[in-house]
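Participant: In mature numbering (1 follows the signal peptide of the UniProt record, and there is no 0), the protein residues as written are -20 to -1, 1 to 381.
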């Protein structure tokens, strides 16, 4: 905006001079010797090129997405990291960079008509000034500096910008500080909300089938998995838990005989809860491979084995928090509790397998809820069916061992 006003002001002055002059004193080229003409021409060309460079850098540097720089700084190649680091060193001083580039551009653009006026008459000077400023001082430089090589060009021009910042510091610094105080521009890391992040990832869906795998976007299945991982912080464990009544907990002082072991092997879990007095009073968890070691010893009880402290989750806890708790405890199973009449009661079980299955499956939450209900109904209907033959259980134990 400042450049446009300055150029408009110069244009008005040139037009006034054009119509203020007489026909006799307006010739196409002033009567200067060749040396002066060449010198003024070179200076004018330098003004156009320098002004164009400043104009392009103003749009190019200040238009760079800081999120892209942070990504390159974190996961880019060594060259990309170095370039991003150089660019961030100047754009972090937003107002100082802005004032420096605008001031440098203004000096070049305002000096151009003065030298052109020494070479040509007012009409030619006006035509050349407007044409060169528009084409070579605005359109072309800005098109180049905002193209696909925007970051590369900006990185290479950082040393030039730093030199200008030093030279113009006495003028630009006070103005920049005033802008900092007035506008309070702050540079903070860009953080997207979960829904925005999901949309951002969806934009990278691949439409280029058959091309180099490294250069195409993400497949729909990949996007679906990422979306589900993001949603882990929204879904409650109560939505994905397995009913506790479907489990076979072990009583603390009960003997682990062959019948109990066979019943446990019918399940699909790697850990078994141990309770005392009543089934909701879980006091520990035993790994199934510890149980298999007791096959030949029928006199052993659960209290003789190594137990881990159970992970108890509130029913309102998110799947993400539950997964973090399981990872920290190096466990695979957690127990969901709910309040009934002011007392906590175990109502379900959540495992790592359930959470990971949700992330990898192609079904959404509503579809999975329907599938869960069907599975529970089938489990209830099969409770009274005959157990597998004993030889099959023996084979299962051998495989697990």
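No residue lacks a Cβ here, since even glycine has one placed at the ideal position from N, Cα and C. Quick caveat: nothing in here was measured; it's all calculated off a predicted structure.
Among the candidates 260, 285, 262, whose CA atom is the shortest distance from the CA of residue 271?
Facilitator: Within the chain shown, residue 271 is the residue found at index 291, counting from 1. If we check each option's Cα against that of residue 271, 285 comes out closest.
Participant: Going by DSSP, what residue range makes up the beta strand (DSSP E) through residue 173?
Facilitator: As a first step, residue 173 must be located in the chain shown, where it is residue number 193. It is not in any beta strand (DSSP E) - residue 173 carries neither H nor E in the DSSP assignment.
Participant: Less than 6 angstroms between C-beta atoms, sequence neighbours within five positions excluded: which residues of the same chain meet that for residue 96?
Facilitator: Start at 1 with the first residue of the chain shown, and residue 96 comes out as number 116. Once the five neighbours on either side are set aside, the close Cβ partners of residue 96 are 24, 105, 108, 109.
Participant: Between the region 52 to 64 and the region 142 to 160, are three or more C-beta pairs nearer than 8 angstroms?
Facilitator: Not touching, per the Cβ criterion.
Participant: Quick one: give me the first and last residue of the beta strand (DSSP E) that residue 135 is part of.
Facilitator: What you label residue 135 is simply residue 155 of the chain shown in a count that begins at 1. Per DSSP, residue 135 belongs to no beta strand (DSSP E); it is in the alpha helix (DSSP H), 130 to 147.
Participant: Would a C-beta distance cut-off of 7 angstroms place residue 40 and residue 126 closer than the cut-off?
Facilitator: Counting from 1 along the chain shown, the entry for residue 40 is found at position 60. Counting from 1 along the chain shown, the entry for residue 126 is found at position 146. Yes, the pair counts as a contact, with Cβ atoms nearer than the cut-off.
Participant: What do you get for residue 52, buried or exposed, if any count of 16 or more other CB atoms within 10 angstroms of its CB means buried?
Facilitator: Within the chain shown, numbered from 1, the residue matching residue 52 stands at position 72. Answer is buried; the Cβ neighbour count reaches 16.
Participant: Considering only their Cβ atoms, is the gap separating residue 229 from residue 253 smaller than 7 angstroms?
Facilitator: Residue 253 sits at position 273 when you count from the first residue of the chain shown. Residue 229 sits at position 249 when you count from the first residue of the chain shown. Against a cut-off of 7 angstroms, the Cβ pair of residue 229 and residue 253 comes out as a contact.
Participant: Keeping to the same chain, check which residues put their C-beta closer than 8 angstroms to that of residue 333; ignore five residues upstream and five downstream.
Facilitator: Position 353 of the chain shown, counting from 1, holds the residue named residue 333. Taken in chain order, the residues that qualify are 312.
Participant: On the DSSP bridge list, what partners appear for residue 198?
Facilitator: By 1-based counting over the chain shown, the position of residue 198 is 218. 185.
Participant: Go through the region 15 to 82 residue by residue and report every complete run of the alpha helix (DSSP H) that reaches 4 residues or more, in order.
Facilitator: The qualifying runs are 46 to 55, 58 to 71.
Participant: Between the alpha carbons of residue 80 and residue 43, how many angstroms are there, rounded?
Facilitator: For this step, residue 80 is matched to residue 100 along the chain shown. For this step, residue 43 is matched to residue 63 along the chain shown. Their Cα atoms are separated by approximately 16 angstroms.
Participant: Which ranges would you report for the alpha helix (DSSP H) in the region 215 to 264 if only whole runs of at least 4 residues count?
Facilitator: Within the region 215 to 264, the complete alpha helix (DSSP H) runs of at least 4 residues are 238 to 245.
Participant: Could you please give the first and the last residue of the uninterrupted beta strand (DSSP E) stretch that includes residue 294?
Facilitator: Within the chain shown, the letter at position 314 stands for residue 294. That run of the beta strand (DSSP E) goes 292 to 294.
Participant: Between which two residues does the alpha helix (DSSP H) harbouring residue 417 extend?
Facilitator: Nothing can be reported for residue 417: it is not among the residues displayed for the chain, which extend from -20 to 381.
Participant: Could you check what DSSP says for residue 286 in three-state terms: helix, strand or coil?
Facilitator: The count along the chain shown starts at 1 and reaches residue 286 at position 306. Reduced to three states, the DSSP call for residue 286 is coil.
Participant: What is the rounded straight-line gap between the Cα of residue 288 and the Cα of residue 209?
Facilitator: Here the question's residue 288 lines up with position 308 in the chain shown. Here the question's residue 209 lines up with position 229 in the chain shown. Spanning the two alpha carbons is a distance of roughly 28 angstroms.
Participant: Quick check on residue 57: buried or exposed, where buried means 16 or more other Cβ atoms within 10 Å of its Cβ?
Facilitator: Counting from one through the chain shown, the residue named residue 57 turns up at place 77. Residue 57 is exposed by the Cβ-count criterion.
Participant: Any idea what DSSP makes of residue 304, helix, strand or coil?
Facilitator: Residue 304 sits at position 324 when you count from the first residue of the chain shown. Note: residue 304 maps to helix in three-state DSSP.
Participant: From what residue to what residue does the alpha helix (DSSP H) around residue 123 run?
Facilitator: Within the chain shown, numbered from 1, the residue matching residue 123 stands at position 143. Note, residue 123: alpha helix (DSSP H), 120 to 125.
Participant: Which first and last residues belong to the alpha helix (DSSP H) in which residue 211 is found?
Facilitator: The count along the chain shown starts at 1 and reaches residue 211 at position 231. It is not in any alpha helix (DSSP H) - residue 211 carries neither H nor E in the DSSP assignment.
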